[in-house]
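Enquirer: Chains as they are written, first to last, in the numbering used here: chain A, -19 to 362; chain B, 164 to 444. Don't be surprised by glycine CBs; every beta carbon is placed ideally from N, CA and C. Mind looking over this structure? Questions follow.
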């Protein structure tokens, strides 16, 4: 297999480019999108690379269509991705819910910019945390990953595909304009170095007849791909294990929705990822995600120099959320600070997790700029 | 044409455990479905290589009743889902079963762009001038003066002519019949399924319960008689002055051409890309 970019070496590239290259190394062969700042460079890179690796890149008429197309492609057997920003992500929510309901592995990249509405197209924000987790309608669960560097944007994209395939679920890669447009040194591995997980396929006719069942007891049914003779019916309506609509049966609905949510809940340890920095003896903790974590690392160093025992918990997965871990942290420290580029979204989750065991304070910043380390330090030392 | 018995078609292609269908007495969807299955049967197409796609509405429940791979999606988006399926696996043949509200209102944008791309797909479009599943609201195809629950005093907007739209947007094959025209219907679907690119067969289809009742046509025969009255064959329509065609619906074959389909265009594009990058001669 020939790649249209250098592999097995480092390259100096921006976040959007890193996501595109990672997707291709991660096995993505179908991209459908609609241009939007600051995610367009992902599409442009995919447009350049996809035909060369015998994949598809297509510009759809809107974001609803892009999301729909990748779900269709996934049922036809392809690993598929789309990328957008806040306003486009809103349009995708309808079909994102369809992907949850039909347990379709797809990857959606949301490069956050300032909102609501068209807001600040070229500036970074973290205002879509709630949208990523709760944007679609109904009871549901999906996976949300959040990188803080260009290298992480690359690594988490590959992980996003693997988690999508492993758990038959949509995965949102939630990044922002800062990471998307920043250039950093990124190691692009050889294909052989990349762990690739493929979806479980039915092993026999019996499994194929239960595309929404639980034949392996792990909550993740094997996925019968179209065109292989299984004659699978896929519907966004409440359906039984065989995929037959059962829209007024409370028991069927409850069983289906609970399994979809629980297949992620019971695998929290595999899905949830975080980095702890100077937390062992910390008396003050900073909990952050994405680009802000980089200022937070520096803030912790400065605080330590000032004699404040500070530490950082950087969340790489924001959903499923590890409420227990936050409670444990809250039991250890006196206070938790949550710096984020919005008026309080991650804050609510952290506060719920802390469960009153420590005070939780929001350090909000909006307008397009990342917190400086000193802005965090000053809030902590008062 | 030799017509197999309906039982044979039913037994071969329907999921028995899904019957009965949700369709009301006098509904025309079953007829259009039967014509489609007969066309598939006559052409000897492989059941495992066809995917049925649909959006939301009565006709969109069809993929659940047929024993094929099927994707029953969100309202209006069937053709966008189909774009992904077809491009990800061009070996699959795709049939989209759509209603007029689904295809022309909420899905209007996807419809014109799928046609513009010449997406390789056959659309069977059920036009009953109404939103049947949600109880009889007016559809964008409703002729002026027709009543629906959201236009209780008679539709005041201009209707969409879907077939006309499809021809202008560039479809390779476009035909319109009422479900009364069964032989023309089957033949049109056969032609549509045999061609590359975007093909569309529209059926005027009775909805006595949600539509007919509100428009003084309580039964399917009354609706069929009305179709006979308002439809004009294409050849005859060409000779009629515009004022006489007012309130009439032209039926027949409106387009039959062989522009390259999206799959072929993309294959050529991939070759061009590799050549431009110096990967291939």
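For residue 120(A), count neighbouring Cβ atoms within 10 angstroms of its own Cβ and tell me buried if that reaches 16, exposed if not.
Expert: In the first chain, counting from the first residue as 1, residue 120(A) sits at position 140. The residue in question, residue 120(A), is buried, as its Cβ has 16 or more Cβ neighbours within 10 Å.
Enquirer: Express the C-alpha separation of residue 332(B) and residue 244(A) in angstroms, rounding to a whole number.
Expert: Mapped onto the first chain, residue 244(A) falls at position 264. Mapped onto the second chain, residue 332(B) falls at position 169. Going by the C-alpha atoms only, they are around 44 Å apart.
Enquirer: Please return the same chain residues whose Cβ sits closer than 7 Å to the Cβ of residue 296(B), not counting the five positions on each side in sequence.
Expert: As a position in the second chain, residue 296(B) is number 133, starting the count at 1. Hits under 7 Å: 220 and 221.
Enquirer: Any beta-carbon of chain B closer than 9 Å to the one on residue 184(A)?
Expert: Against the first chain, residue 184(A) aligns to sequence position 204. It does not: the Cβ of residue 184(A) has no partner Cβ on chain B nearer than 9 Å.
Enquirer: Relative to the C-alpha of residue 209(B), which residue among 287(B), 175(B), 245(B) and 271(B) is closest?
Expert: Sequence index remark: in the second chain, residue 209(B) carries index 46 (1-based). Residue 209(B) has its Cα closest to that of 175(B), out of 287(B), 175(B), 245(B) and 271(B).
Enquirer: Grab me the residues of residue 422(B)'s own chain with a C-beta within less than 8 Å of its C-beta, minus the 5 sequence neighbours each way, in chain order.
Expert: Here the question's residue 422(B) lines up with position 259 in the second chain. Around residue 422(B): 281, 333, 335 and 360.
Enquirer: Could you tell me the alpha carbon to alpha carbon distance between residue 188(B) and residue 371(B), rounded to whole angstroms?
Expert: Stepping through the second chain from its first residue, residue 188(B) is reached at position 25. Stepping through the second chain from its first residue, residue 371(B) is reached at position 208. Looking at the two C-alpha atoms, the distance is approximately 8 Å.
Enquirer: Pick from 49(A), 33(A) and 32(A): whose alpha carbon is nearest that of residue 40(A)?
Expert: Taking the first chain and counting its residues from 1, one reaches residue 40(A) at position 60. With distances taken between Cα atoms, residue 40(A) lies closest to 49(A).
Enquirer: Helix, strand or coil, according to DSSP, for residue 224(B) in the structure here?
Expert: Your numbering for residue 224(B) matches position 61 in the second chain. Reduced to three states, the DSSP call for residue 224(B) is helix.
Enquirer: In the DSSP assignment, the beta strand (DSSP E) including residue 233(B) goes from what residue to what residue?
Expert: Within the second chain, residue 233(B) is the residue found at index 70, counting from 1. Per DSSP, residue 233(B) belongs to the beta strand (DSSP E) from 232 to 235.
Enquirer: Less than 7 Å between C-beta atoms, sequence neighbours within five positions excluded: which residues of the same chain meet that for residue 298(B)?
Expert: Taking the second chain and counting its residues from 1, one reaches residue 298(B) at position 135. Hits under 7 Å: 312 and 373.
Enquirer: Less than 9 Å separating the beta-carbons of residue 167(A) and residue 131(A)?
Expert: Residue mapping note: residue 167(A) aligns to position 187 of the first chain, counting from 1. Residue mapping note: residue 131(A) aligns to position 151 of the first chain, counting from 1. Cβ distance < 9 Å, so residue 167(A) and residue 131(A) count as in contact.
Enquirer: Under the three-state reduction of DSSP, which class applies to residue 44(A): helix, strand or coil?
Expert: Residue 44(A) sits at position 64 when you count from the first residue of the first chain. The answer is helix: DSSP assigns residue 44(A) an H, G or I state.
Enquirer: Which of the three DSSP states is assigned to residue 315(A) in this structure?
Expert: Along the first chain, one-based indexing puts residue 315(A) at 335. Strand at residue 315(A).
Enquirer: Do you know whose CA, among 205(A), 286(A) and 29(A), lies nearest residue 213(B)'s CA?
Expert: Counted from its first residue, the second chain places residue 213(B) at position 50. That would be 205(A), whose Cα lies nearest to the Cα of residue 213(B).
Enquirer: Assuming residue 46(A) and residue 14(A) form a contact by the criterion Cβ under 8 Å, report the distance between their Cβ atoms to the nearest whole angstrom.
Expert: Indexing the first chain from 1 puts residue 46(A) at position 66. Indexing the first chain from 1 puts residue 14(A) at position 34. Their Cβ separation, rounded to whole angstroms, is 5 Å, which keeps residue 46(A) and residue 14(A) in contact under 8 Å.
Enquirer: I want to verify the contact list: residues of chain A whose CB lies under 8 Å from the CB of residue 440(B), in sequence order.
Expert: Taking the second chain and counting its residues from 1, the one referred to as residue 440(B) is at position 277. Result: -16 and 32.
Enquirer: Could you confirm whether any beta carbon from chain B is found closer than 9 Å to the beta carbon of residue 74(A)?
Expert: For this step, residue 74(A) is matched to residue 94 along the first chain. True, the Cβ-Cβ gap to chain B drops below 9 Å.
Enquirer: Is it buried or exposed, residue 215(B), if we count other Cβ atoms within 10 angstroms and call 16 or more buried?
Expert: Indexing the second chain from 1 puts residue 215(B) at position 52. It counts as buried.
Enquirer: Relative to the alpha-carbon of residue 88(A), which residue among 100(A), 70(A) and 338(A) has its alpha-carbon at the smallest distance?
Expert: One-based indexing of the first chain puts residue 88(A) at position 108. Taking only the C-alpha atoms, the option nearest residue 88(A) is 70(A).
Enquirer: Identify each residue in the segment 76 to 92 of chain A for which the Cβ-Cβ distance to at least one residue of chain B is less than 9 Å, and report them in chain order.
Expert: Those residues of the segment 76 to 92 of chain A that come within reach of chain B (Cβ to Cβ, closer than 9 Å) are 77, 78 and 82.
Enquirer: Assuming contact is defined by CB atoms lying nearer than 9 Å, are residue 147(A) and residue 247(A) in contact in what I supplied?
Expert: Numbered from 1 along the first chain, position 167 holds the residue referred to as residue 147(A). Numbered from 1 along the first chain, position 267 holds the residue referred to as residue 247(A). A contact, by the Cβ cut-off of 9 Å.
Enquirer: What would DSSP say about residue 162(A), mapped onto helix, strand or coil?
Expert: Along the first chain, read from residue 1 onward, the residue named residue 162(A) stands at position 182. Correct three-state label for residue 162(A): coil.
Enquirer: Taking residue 325(B) and residue 365(B) to be in contact with their CB atoms under 8 Å, please state how far apart those CB atoms are, rounded to whole angstroms.
Expert: Position 162 of the second chain holds residue 325(B). Position 202 of the second chain holds residue 365(B). Yes, they are in contact, since the Cβ atoms of residue 325(B) and residue 365(B) sit about 6 Å apart, within 8 Å.
Enquirer: Mind pulling the chain A residues with CB within less than 7 Å of residue 254(B)?
Expert: Within the second chain, numbered from 1, the residue matching residue 254(B) stands at position 91. Within chain A, the residues near residue 254(B) are 207.
Enquirer: Suppose contacts are defined by Cβ-Cβ distances below 9 Å. Is residue 343(A) in contact with residue 359(A) by that definition?
Expert: Translated into positions along the first chain, residue 343(A) becomes position 363. Translated into positions along the first chain, residue 359(A) becomes position 379. Going by C-beta atoms, residue 343(A) is nearer than 9 Å to residue 359(A).
Enquirer: Rounded to a whole number of angstroms, what is the C-alpha to C-alpha distance between residue 169(A) and residue 60(A)?
Expert: Locating residue 169(A) in the first chain gives position 189, where the first residue counts as 1. Locating residue 60(A) in the first chain gives position 80, where the first residue counts as 1. Rounded to the nearest angstrom, the two C-alpha atoms are 21 Å apart.
Enquirer: Identify the continuous alpha helix (DSSP H) that holds residue 185(A) and give its terminal residues.
Expert: Mapped onto the first chain, residue 185(A) falls at position 205. It spans 185 to 188 - the alpha helix (DSSP H) in which residue 185(A) sits, taken as one unbroken run.
Enquirer: Would you kindly work out how many angstroms separate the C-alpha atoms of residue 265(B) and residue 271(B), rounded to a whole number?
Expert: For this step, residue 265(B) is matched to residue 102 along the second chain. For this step, residue 271(B) is matched to residue 108 along the second chain. Distance between the alpha carbons of residue 265(B) and residue 271(B): 8 Å.
Enquirer: In whole angstroms, give me the CA-to-CA distance for residue 95(A) and residue 354(A).
Expert: Taking the first chain and counting its residues from 1, one reaches residue 95(A) at position 115. Taking the first chain and counting its residues from 1, one reaches residue 354(A) at position 374. Straight-line Cα distance between these residues: approximately 25 Å.
Enquirer: Less than 8 Å between the CB atoms is what I'm expecting for residue 153(A) and residue 136(A), so what's the real figure, rounded?
Expert: Start at 1 with the first residue of the first chain, and residue 153(A) comes out as number 173. Start at 1 with the first residue of the first chain, and residue 136(A) comes out as number 156. Going by Cβ atoms, the distance from residue 153(A) to residue 136(A) rounds to 6 Å, so yes, they are a contact pair.
Enquirer: Using DSSP with H/G/I as helix, E/B as strand and the rest coil, what is residue 433(B)?
Expert: Numbered from its first residue, the second chain carries residue 433(B) at position 270. In this structure, residue 433(B) counts as helix in the three-state DSSP scheme.
Enquirer: Residues of the segment 212 to 237 of chain A with a CB closer than 9 Å to any CB of chain B: list them in chain order, please.
Expert: Going along the segment 212 to 237 of chain A in chain order, one finds 212, 213, 214, 215, 216, 217, 222, 223, 224 and 225 with a Cβ nearer than 9 Å to chain B.
Enquirer: Taking residue 288(A) as the reference, which of 305(A), 173(A) and 261(A) has the closest Cα?
Expert: Here residue 288(A) is taken as the residue at index 308 of the first chain, counted from 1. Here the closest residue by C-alpha is 261(A).
Enquirer: To the nearest angstrom, how far is it from the Cα of residue 171(A) to the Cα of residue 306(B)?
Expert: Stepping through the first chain from its first residue, residue 171(A) is reached at position 191. Stepping through the second chain from its first residue, residue 306(B) is reached at position 143. In a straight line, the C-alpha of residue 171(A) is about 59 Å away from that of residue 306(B).
Enquirer: Heavy atom of the ligand FAD less than 8 Å from the Cβ of residue 87(A), yes or no?
Expert: Among the ligands in the structure shown, none appear at all, so the ligand FAD cannot be discussed.
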